[in-house]
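Asks: Sequential numbering of the sequence shown, starting at 1, is according to UniProt numbering.
C-beta: ideal position from N, C-alpha, C; glycine also.
All values derive from a computational prediction rather than experimental measurement.
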Amino acid sequence: MAKVSISLDAELVVEVMVLAGIGSPQDAVEAIVRDYIARGHRTEARTGLGEQGLREVDAKPREPEG
Numbered sequence: 001m002a003k004v005s006i007s008l009d010a011e012l013v014v015e016v017m018v019l020a021g022i023g024s025p026q027d028a029v030e031a032i033v034r035d036y037i038a039r040g041h042r043t044e045a046r047t048g049l050g051e052q053g054l055r056e057v058d059a060k061p062r063e064p065e066g
């Protein structure tokens, strides 16, 4: 898997480490990102809305109202 390097505010990373209970900044941020993605997938599964459905809704121009 490709790696990406980013800069984050140190206070933000420390808070993530504390909340996640993980001592490594890299591991803590990675765990939070993975959890966020998994939560999104669970929401999609519950609602039945996937990326394709969202693209279809966004791609259609709205009809003028009134």
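Does DSSP classify Ile6 as helix, strand or coil?
Replies: Taking the sequence shown and counting its residues from 1, the one referred to as residue 6 is at position 6. Correct three-state label for Ile6: coil.
Asks: Could you compute how far the alpha carbon of Val18 sits from the alpha carbon of Pro64?
Replies: The count along the sequence shown starts at 1 and reaches residue 18 at position 18. The count along the sequence shown starts at 1 and reaches residue 64 at position 64. Those two C-alpha atoms are separated by around 50 Å.
Asks: Tell me whether Ala10 is buried or exposed, calling it buried when 16 or more other Cβ atoms sit within 10 Å of its Cβ.
Replies: By one-based count along the sequence shown, residue 10 stands at place 10. Answer is exposed; the Cβ neighbour count stays below 16.
Asks: Beta-carbon separation of Ala28 and Ile37 under 8 Å?
Replies: Looking up residue 28 in the sequence shown gives position 28. Looking up residue 37 in the sequence shown gives position 37. Ile37 sits away from Ala28, with the two beta carbons spaced by 8 Å or more.
Asks: In whole angstroms, what is the alpha-carbon distance linking Ala45 and Asp35?
Replies: Counting from 1 along the sequence shown, the entry for residue 45 is found at position 45. Counting from 1 along the sequence shown, the entry for residue 35 is found at position 35. Rounded to the nearest angstrom, the two C-alpha atoms are 15 Å apart.
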